[in-house]
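Novice: Residue numbers (the numbering used here): 46 to 356. The C-beta atom is built at its ideal place from N, Cα and C for all residues, glycine as well.
(1) Leaving out the 5 sequence neighbours to the left and right, which residues in its chain are closer than 7 angstroms to residue 88 when beta-carbon positions are compared?
(2) Determine the DSSP secondary structure at residue 310, reduced to helix, strand or coil.
(3) By the 10 Å Cβ neighbour count, where 16 or more other Cβ atoms means buried, how is residue 314 classified, buried or exposed?
(4) Using 10 angstroms around the beta-carbon of residue 54, count the other beta-carbons present and answer buried if the total reaches 16, otherwise exposed.
(5) Just grab the DSSP bridge partners of residue 141 for me.
(6) For residue 198 versus residue 135, is the C-beta spacing smaller than 9 angstroms?
(7) When you compare each of 322, 332, 310 and 302 to residue 349 by their alpha carbons, which one comes out closest?
(8) Look at the Cβ atom of residue 122, then the Cβ atom of residue 141, and state whether they are nearer than 9 angstroms.
(9) I need the straight-line Cα distance from residue 357 to residue 98, nearest angstrom please.
(10) Where does residue 135 sit, in a helix, a strand or coil, going by DSSP?
(11) For residue 109, which residues of its own chain have a beta-carbon under 7 angstroms away from its beta-carbon, when the five flanking residues on both sides are left out?
(12) How long is the line joining the alpha carbons of residue 60 and residue 75, rounded to whole angstroms?
(13) Might you give, ordered along the chain, the residues of its own chain that have their beta carbon closer than 8 angstroms to the beta carbon of residue 346, omitting 5 neighbours on each side?
(14) Just the C-alpha distance for residue 177 and residue 290, rounded to the nearest angstrom, thanks.
(15) Using the DSSP secondary-structure output, state which residues sit across from residue 126 in a beta bridge.
(16) Please give me, in chain order, every unbroken run of the beta strand (DSSP E) with length at least 3 that falls completely inside the stretch 216-291.
(17) May I ask you to report which of helix, strand or coil DSSP gives residue 108?
(18) Near residue 294, which residues of its chain fall below 8 angstroms by C-beta distance, leaving aside the five closest residues on each side in sequence?
(19) To the nearest angstrom, how far is it from the Cα of residue 117 to the Cα of residue 216?
(20) Taking three-plus beta-carbon pairs below 8 angstroms as touching, is the stretch 237-244 in contact with the stretch 145-162?
(21) Can you give me the Cβ contacts of residue 150 inside the same chain, cut-off strictly under 6 angstroms, excluding the 5 residues immediately before and after it?
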């Protein structure tokens with residue numbers, strides 16, 4: 046657990062959680078969750094849902110025994126991970142943002158990469174700009190992740206003609222998995238953002254309203270970029286399949302042509318090996334003559350196959 050208090054417009058870490066305006070729980074233990082549940086009267090599912098990677102974004106409000114509204118905003122954020130084959134891919138993990146009367150509590154299983162940017166930026170808890178700044182950073186993280194994926198796709202396109210290995214397949218699988226996770230995260234996050242925006246119509250001219258509008262625009266951009274990336278990787282998969290099929294056809298053409306060329310000496314040798322009278326059978330240079338004829342016919346066959354584009 047890490048606690049921060051607001052001094053002016055900056056967050057300063059403190060050891061006294063009672064004076065904190067922001068408390069961060071990174072993969073909290075069961076004792077920490079029980080203590081938070083009992084001390085703040087926060088519903089357990091508000092706490093535990095952030096540790097369940099299969100949860101989807103939602104907004105929920107609970108009123109405790111002191112008639113204090115406790116609001117939960119649960120979002121999905123992207124995080125880089127290395128799969129079992131040491132390839133880079135993305136996953137989405139939930140983060141719970143719980144707002145109380147005088148503090149904000151954030152719970153997550155792995156620290157979001159954008160959290161440091163939020164803590165280092167100017168904060169303003171009173172008008173909820175901190176939460177909106179966090180949401181802006183979270184949404185922008187999707188934009189940056191999709192941009193990296195687009196770079197990976199472009200790199201694969203540049204090298205696709207020369208690849209015949211399974212490496213490209215594994216990369217495409219990782220990208221597809223990442224985009225599937227992004228579809229859920231971006232779409233469900235956007236629903237919550239749109240709901241917040243609708244509830245803030247009366248404050249449309251305020252800083253919070255303007256920032257939320259920017260977040261909504263950024264979220265729409267992330268949706269469009271994800272869709273474009275999905276189409277790009279789908280088309281790349283089709284092209285890659287065609288390239289692999291073409292490479293295999295070329296290999297089969299080469300092997301078939303090579304078989305034809307290598308068959309020529311066998312045919313000539315078979316005729317000359319028949320148990321009948323044959324020309325040059327008593328000539329000491331007959332074998333060399335057969336070898337020469339086989340080589341000449343083989344060369345002529347190779348030129349003919351190349352001319353017909355069979356080789």
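Specialist: Straight from the coordinates:
(1) Position 43 of the chain shown, counted from the first residue, corresponds to residue 88. Cβ within range, chain order: 107.
(2) Residue 310 sits at position 265 when you count from the first residue of the chain shown. Helix.
(3) By 1-based counting over the chain shown, the position of residue 314 is 269. Classification for residue 314: exposed.
(4) As a working note, residue 54 is residue 9 in the chain shown. With fewer than 16 other Cβ atoms within 10 Å, it is exposed.
(5) Numbered from its first residue, the chain shown carries residue 141 at position 96. BP columns for residue 141 point to 119 and 152.
(6) Sequence index remark: in the chain shown, residue 198 carries index 153 (1-based). Sequence index remark: in the chain shown, residue 135 carries index 90 (1-based). Not in contact: residue 198 and residue 135 (Cβ atoms no closer than 9 angstroms).
(7) Taking the chain shown and counting its residues from 1, the one referred to as residue 349 is at position 304. Comparing Cα-Cα distances from residue 349 to each of 322, 332, 310 and 302, the minimum goes to 302.
(8) Counted from its first residue, the chain shown places residue 122 at position 77. Counted from its first residue, the chain shown places residue 141 at position 96. It is not a contact, given that the beta carbons lie outside the stated cut-off.
(9) Given that the chain is displayed from residue 46 to residue 356, the structure contains no residue 357 and the question cannot be resolved.
(10) The residue you call residue 135 lines up with position 90 of the chain shown. Here residue 135 sits in strand by DSSP.
(11) The sequence position of residue 109 within the chain shown is 64, counting from 1. 86 and 115.
(12) Taking the first residue of the chain shown as 1, we reach residue 60 at position 15. Taking the first residue of the chain shown as 1, we reach residue 75 at position 30. Roughly 21 angstroms between the two C-alpha positions.
(13) For the purposes of this step, residue 346 is taken as the residue at position 301 of the chain shown. The residues are 305, 306 and 309.
(14) Counting from 1 along the chain shown, the entry for residue 177 is found at position 132. Counting from 1 along the chain shown, the entry for residue 290 is found at position 245. Using only the alpha carbons, I get a separation of about 50 angstroms.
(15) Position 81 of the chain shown, counting from 1, holds the residue named residue 126. The partner list for residue 126 (beta bridge, DSSP) reads 134.
(16) none
(17) In the chain shown, counting from the first residue as 1, residue 108 sits at position 63. Strand, per DSSP.
(18) The residue you call residue 294 lines up with position 249 of the chain shown. Counting only Cβ-Cβ distances below 8 angstroms, and skipping sequence neighbours, we find nothing.
(19) Here the question's residue 117 lines up with position 72 in the chain shown. Here the question's residue 216 lines up with position 171 in the chain shown. Roughly 36 angstroms between the two C-alpha positions.
(20) no
(21) Within the chain shown, residue 150 is the residue found at index 105, counting from 1. The answer, listed in chain order, is 68 and 143.
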